[in-house]
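Chemist: As you go down the protein sequences, you meet chains A and B in turn. Mind the numbering: the first sequence is residues 1338 to 1563 in this note's numbering, read in order. Mind the numbering: the second sequence is residues 20 to 595 in this note's numbering, read in order. Structure in structure tokens, see below.
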Amino acid sequence: MTNTSQTNQSDTQTDHITDCLAIGSIVSSNSHMDYTVEIFNETDREQAPGPADCGFGQPVLIQKTVQDTEYVIMGVIYDTHLVDPDQGRSGPRLAQGDQKQFTPGYVEERTKLAGVALLGTAVVTADGTIENPSHQMPRWTLDVEDIVERCPDGVTRAFHTGENGGILIAYMERLLDLAGSLGAEVMLALLDRLRGSFPADEHQRVLDVIEKDVRWQSSVDRGVMR
Amino acid sequence: MSSPSSSIGDSGKLVGTVAGPGDGPNEFFIVTPDEQAVKTGEFITYSVTVESEPQDVIARVTNREQARGLPETFMADPNVAPETVAGTLGVPTEDIDLYRLEATVIGFYDTQMQTFANPRQLPQPGTRLRTAPDKMLEAVLPNLGVDEADARTTRGEVDLSSVDVTQRDGLAHMGWLLNRETGAVDVHVPIDEFAATHLAILASTGSGKSYTAGVLMEEMMMPDVRASLLVFDPHGEYDTLAEMRGEETFRDDSGYQPEVEYFDPDNLQIRISELSIGDVMSILDNPSDRMQERLDGGWRAMQQRESRTWGIDDLLAEMYQQYGEDDSSVGALEWRLRRSIQRNDLFTTDVNVPLEELVAPGRCTVLQMDTLSRRDQQMIATVLLRRLYQARLAAVRGRGDDPNFDGEIIDFPLFSLFEEGHRFAPATGEAPSLSIMRTITSEGRKFGFGLGIISQRPSKIDQDVLSQCGTQVTMKIQNPTDQDAIKNSVEAAGEDVLRELPGLTPGQAVVSGDSMNTPVLIQVRRRHTQHGADSIPATQEWRTAHQQRRDQPSRSESADMGGGESTGEQNLLGGE
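Structure follows, in structure tokens:
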């Protein structure tokens, strides 16, 4: 993975949720579990996220305070859309080819939208790490303009660690269901990340079994295997 | 109809719930959460109302499959427990397994009919099922003829569990139900039943058929039975039965103890006059039609005679007299008769073991025929069976009262066991004994003459004989031809019995037929006497023999130790 800036590089490994890179804000939702995020561009933020910061399968988090308790709500980018209001417009333009600076309006309105599926929640501790990860469906709804941040690998790891130190991926069925045709792909992308976070042999074997199951299931669905 | 047996409703372990009717008219499905509680072949019970009386219906679990559980993909890597994968994915693993059992209705025990009656009524979905109580199974599984009076408790209720089968006489304790704990449900087979309608013990080599036969023989020699047993033992496997004479188990207060008699070929000779013309034909080499005609004439003339001690010389003299000194067929017969009968030590002119020496109540007679040829074994069986059968016939028809009757009479029932039964009643090929065995298996019931056929090759036994064996003890059989033979000739062998056969281990048996109300799977009990039919431990005996040879000085040296004169033979063996 290549990152756009040096600061982002160090951020990816931390297990603290402070100073995470903001990658966008919520603009709408399709369901309680499925939100649409507008990715920041250079005009929104001084340090706009690069392509690698908001790629497919990128874990994200939203910080939320509920009844005085600080939570993070974990999600994953499972889909993206490009929006260009200019598309289809064939009428006269104000700008000429060599007069870019006079171009007002829609050129700057081109945006990237990302679909974020919620995975679960965790409680934020005083020192900025997370604890008590829950892969249940979050009970609270998010709000428009809530900031979505890139989730560092350390936090991702903490979120996927079960009580006894094993890997926890209890949201899998829900995610596969919600993400539809891209479900298997996003799950495989997440599994790939977890492989890096859980290098122990026993964990790799469990991931193997789950990955094979996901691949097999999607192959069956596509009719290339039975 | 029998009265309700009210006490059963709450006893027995609760095992599952009826899910609905099954494929067949007597089948239904059960759902159970527990993996261990119900095994295939287990007897379970539920209550239905038949003619306004509640009845405890017994059903047999015939199949089990998992209805719910972890998916197979979780088991992709043997190093990773499926529970670990399930835990990772947040799938619950506690108490999620559900099993679906298929059960076949056997029926409720009707104390008037003294057997199972099918209620023709499946349990309602939602009916709770319990394991059938041990004591009840002991009373109703074998054909013991338990009636309402037997089952009535001191309080006047009818309760099949209150019947104590150990108090009943004439039962053979063969073992216990395989599905229950050791000794929980003892299976007592009624000896009267199989002694009348014959018995077959079918099993492949090494699965314990001789052992099972030994158990049955022990039971038949118990003080409450005192059978008259005759064992045809072509392998000499039953020499350990003699231990019964000293065993405390077989004695009783009246001073009874079983007799065990062994007869070897020296005292098993056959008087020539006992042979029928058919027997003689079967041991001669291809006699021509003319020879058969000559022999028939001569034999008939000899049988008219007063004396029963004539021999081949007398027969030949008779034939030469009838057909002339220069008759070529008689000449050819002479050579054949002398070779097959006169020079065979088995046949004699006068000795004839009296039947009362051979068989008696409380006596187990073992005919050790291991040194005889197959044909001679068959011949002994033929002649003995014919004599015994006629003696029983005479007794049953009351000939003993006739002062003119000079034949033999046996006034007690007989039971005769045939080890290697296919030798005496083969499905293919000639055997002189086949005809009398067919007669006894089809008619013996009326005359108190029972046969027990033991064989490892059911397909090689004459189907008429095998199909007449009313009680079957079937042990491990894998050969498909033999399985077919059992299917074709054994009426009681249902599909569920046949399916069990390849999976049985030594000492496990299916008992079915007239002696049982329903086929059951049992573990055969341990014998009181030693088992005598073990294979020879070859490697051990080779080692011992080799060691002995090395330790022993050579024969010539030991001869010299005597210091006497050496003979030429010893010189040849390497001595001085």
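Just so it is clear, CB atoms sit at the ideal spot from N, CA and C, and this is done for glycine as well.
What's the call for B/Arg290, buried or exposed, on a 16-neighbour Cβ count within 10 Å?
Modeler: Here residue 290 of chain B corresponds to residue number 271 of the second sequence, with the count starting at 1. By the neighbour-count rule (16 or more Cβ atoms within 10 Å), B/Arg290 is buried.
Chemist: Indicate whether the contact test is met: 3 or more Cβ pairs, each with one atom in the region 158–177 of chain B and one in the region 516–528 of chain B, closer than 8 Å.
Modeler: The answer is no - the region 516–528 of chain B does not touch the region 158–177 of chain B, with fewer than three Cβ pairs under 8 Å.
Chemist: Mind checking which residues open and close the beta strand (DSSP E) that includes B/Gln74?
Modeler: On the second sequence, residue 74 of chain B is found 55 positions in, with the first residue counted as 1. From DSSP, the beta strand (DSSP E) with B/Gln74 extends over Glu72 to Arg87.
Chemist: Comparing the C-beta of B/Leu601 with each C-beta of chain A, is any distance below 8 Å?
Modeler: Not covered by the structure: residue 601 of chain B. The range shown for chain B is 20 to 595.
Chemist: For B/Pro477 and B/Ser534, what's the separation of their Cα atoms in angstroms?
Modeler: Numbered from 1 along the second sequence, position 458 holds the residue referred to as residue 477 of chain B. Numbered from 1 along the second sequence, position 515 holds the residue referred to as residue 534 of chain B. C-alpha separation (whole angstroms): 20 Å.
Chemist: I'd like to know if the region 1451–1469 of chain A and the region 1369–1387 of chain A are in contact, where contact means that at least 3 CB-CB pairs between them fall below 8 Å.
Modeler: These segments touch.
Chemist: Considering only the beta carbon of each residue, do A/Asp1352 and A/Ala1495 sit closer than 8 Å?
Modeler: On the first sequence, residue 1352 of chain A is found 15 positions in, with the first residue counted as 1. On the first sequence, residue 1495 of chain A is found 158 positions in, with the first residue counted as 1. Against a cut-off of 8 Å, the Cβ pair of A/Ala1495 and A/Asp1352 comes out as a contact.
Chemist: Less than 8 Å between CB atoms is the rule here; does A/His1369 satisfy it with respect to chain B?
Modeler: For the purposes of this step, residue 1369 of chain A is identified with residue 32 of the first sequence, where counting begins at 1. Chain B, which has no Cβ nearer than 8 Å to the Cβ of A/His1369, makes this no.
Chemist: Rounded to a whole number of angstroms, what is the C-alpha to C-alpha distance between B/Gln497 and B/Ser223?
Modeler: Your numbering for residue 497 of chain B matches position 478 in the second sequence. Your numbering for residue 223 of chain B matches position 204 in the second sequence. The alpha-carbon atoms of B/Gln497 and B/Ser223 are separated by roughly 8 Å.
Chemist: How about B/Thr112: is its C-beta nearer than 8 Å to some C-beta of chain A?
Modeler: On the second sequence, residue 112 of chain B is found 93 positions in, with the first residue counted as 1. No - not a single Cβ of chain A is within 8 Å of the one on B/Thr112.
Chemist: Quick check on B/Pro373: buried or exposed, where buried means 16 or more other Cβ atoms within 10 Å of its Cβ?
Modeler: Stepping through the second sequence from its first residue, residue 373 of chain B is reached at position 354. Its Cβ having fewer than 16 others within 10 Å, B/Pro373 is exposed.
Chemist: What does A/Ala1507 reach in chain B if we use C-beta pairs closer than 7 Å?
Modeler: Working through the first sequence from its first residue, we reach residue 1507 of chain A at position 170. Within chain B, the residues near A/Ala1507 are Leu108 and Gly109.
Chemist: At a CB distance below 7 Å, what residues from the region 1523–1547 of chain A approach chain B? Give them in sequence order.
Modeler: Per Cβ criterion, the list reads Arg1542, Val1543, Asp1545, Val1546 and Ile1547.
Chemist: Determine the DSSP secondary structure at A/Glu1548, reduced to helix, strand or coil.
Modeler: Here residue 1548 of chain A is taken as the residue at index 211 of the first sequence, counted from 1. Reduced to three states, the DSSP call for A/Glu1548 is helix.
Chemist: Do B/Val385 and B/Tyr230 have their C-beta atoms closer together than 8 Å?
Modeler: Within the second sequence, numbered from 1, the residue matching residue 385 of chain B stands at position 366. Within the second sequence, numbered from 1, the residue matching residue 230 of chain B stands at position 211. Their beta carbons are not under 8 Å apart, which means B/Val385 does not touch B/Tyr230 by this criterion.
Chemist: Give the DSSP bridge partners of A/Asp1371, in chain order.
Modeler: For the purposes of this step, residue 1371 of chain A is identified with residue 34 of the first sequence, where counting begins at 1. According to DSSP, A/Asp1371 bridges with A/Ser1368 and A/Ala1454.
Chemist: Helix or strand or just coil, what does DSSP make of A/Pro1388?
Modeler: For the purposes of this step, residue 1388 of chain A is taken as the residue at position 51 of the first sequence. In the structure shown, A/Pro1388 sits in a helix (DSSP, three-state: H, G or I).
Chemist: Please return the same chain residues whose Cβ sits closer than 6 Å to the Cβ of A/Gly1520, not counting the five positions on each side in sequence.
Modeler: For the purposes of this step, residue 1520 of chain A is taken as residue 183 along the first sequence, with counting starting at 1. Once the five neighbours on either side are set aside, the close Cβ partners of A/Gly1520 are Leu1513.
Chemist: Here's the rule I'm using: 16 or more other beta-carbon atoms within 10 Å means buried, otherwise exposed. How should B/Ile555 be labelled?
Modeler: In the second sequence, the residue the question calls residue 555 of chain B occupies position 536. Exposed is the call here.
Chemist: Please report the distance separating the alpha-carbon of B/Ser25 from that of B/Val279.
Modeler: Walking along the second sequence from the start, residue 25 of chain B turns up at place 6. Walking along the second sequence from the start, residue 279 of chain B turns up at place 260. Interpretation of B/Ser25 is limited by its pLDDT of 41, a score under 50 that renders its predicted location unreliable; the figure taken from the coordinates is listed afterwards. Approximately 48 Å, taken between the alpha carbons.
Chemist: Rank A/Leu1398, A/Leu1419 and A/Asp1416 by C-alpha distance to the C-alpha of A/Val1409 and give the top, closest one.
Modeler: In the first sequence, the residue the question calls residue 1409 of chain A occupies position 72. Ranking A/Leu1398, A/Leu1419 and A/Asp1416 by Cα distance to A/Val1409 puts A/Leu1398 first.
Chemist: Alpha carbon to alpha carbon, how far is B/Asp211 from B/Val165?
Modeler: Here residue 211 of chain B refers to the residue found at position 192 of the second sequence. Here residue 165 of chain B refers to the residue found at position 146 of the second sequence. Taking the straight line from one Cα to the other gives about 15 Å.
Chemist: Are the CB atoms of B/Val543 and B/Gly227 within a distance shorter than 8 Å?
Modeler: To locate residue 227 of chain B, count along the second sequence from 1; it is residue 208. To locate residue 543 of chain B, count along the second sequence from 1; it is residue 524. Yes, these two residues count as a Cβ contact at 8 Å.
Chemist: When you compare each of B/Arg139, B/Leu108 and B/Gln276 to A/Met1524 by their alpha carbons, which one comes out closest?
Modeler: The residue you call residue 1524 of chain A lines up with position 187 of the first sequence. Considering only alpha carbons, the answer is B/Leu108.
Chemist: Just checking: is the beta-carbon of A/Asp1550 within a distance shorter than 8 Å of some beta-carbon in chain B?
Modeler: As a working note, residue 1550 of chain A is residue 213 in the first sequence. So, interface residue.
Chemist: Along the chain, where does the beta strand (DSSP E) containing B/Leu218 start, and where does it finish?
Modeler: Sequence index remark: in the second sequence, residue 218 of chain B carries index 199 (1-based). Here the beta strand (DSSP E) through B/Leu218 covers Leu218 to Leu221.
Chemist: If you run the structure through DSSP and keep just helix, strand and coil, what is B/Lys465?
Modeler: Numbered from its first residue, the second sequence carries residue 465 of chain B at position 446. Reduced to three states, the DSSP call for B/Lys465 is helix.
Chemist: Taking the alpha helix (DSSP H) that B/Thr500 falls in, what are its first and last residues?
Modeler: Reading the second sequence from its first residue, position 481 is the one you call residue 500 of chain B. Run containing B/Thr500: Pro499 to Ser508, per the alpha helix (DSSP H) assignment.
Chemist: Can you look up B/Ser307 in the DSSP assignment and give me helix, strand or coil?
Modeler: Along the second sequence, one-based indexing puts residue 307 of chain B at 288. It is coil, neither helix nor strand.
Chemist: Could you check the C-alpha separation between B/Ala578 and B/Arg562 for me, to the nearest Å?
Modeler: If you number the second sequence from 1, residue 578 of chain B lands on position 559. If you number the second sequence from 1, residue 562 of chain B lands on position 543. Caution is warranted here: a pLDDT of 45 is assigned to B/Ala578, below 50, making its placement in the model unreliable, and the coordinate value is therefore given only provisionally. Roughly 26 Å between the two C-alpha positions.
Chemist: Whose CA, out of A/Val1551, A/Ala1516 and A/Val1546, lies closest to the CA of A/Ile1414?
Modeler: Counted from its first residue, the first sequence places residue 1414 of chain A at position 77. Nearest option by C-alpha distance: A/Ala1516.
Chemist: Which ranges would you report for the alpha helix (DSSP H) in the region 194–259 of chain B if only whole runs of at least 4 residues count?
Modeler: Those alpha helix (DSSP H) runs which fall completely within the region 194–259 of chain B and span 4+ residues are 210–216 and 228–239.
Chemist: Three or more C-beta pairs closer than 8 Å, one from the region 1534–1550 of chain A and one from the region 98–117 of chain B: is that the case here?
Modeler: At 8 Å Cβ cutoff, the stretches touch.
Chemist: Quick check on A/Gly1503 - is its C-beta less than 8 Å from some C-beta in chain B?
Modeler: The residue labelled residue 1503 of chain A in the question sits at position 166 within the first sequence. It does; some Cβ of chain B falls within 8 Å.
Chemist: Could you tell me which residues DSSP puts in a beta bridge with B/Cys383?
Modeler: Working through the second sequence from its first residue, we reach residue 383 of chain B at position 364. In DSSP, B/Cys383 forms a bridge with B/Leu248 and B/Val279.
Chemist: For a test of the three-state rule: what should DSSP assign to A/His1540, helix, strand or coil?
Modeler: To locate residue 1540 of chain A, count along the first sequence from 1; it is residue 203. It is helical.
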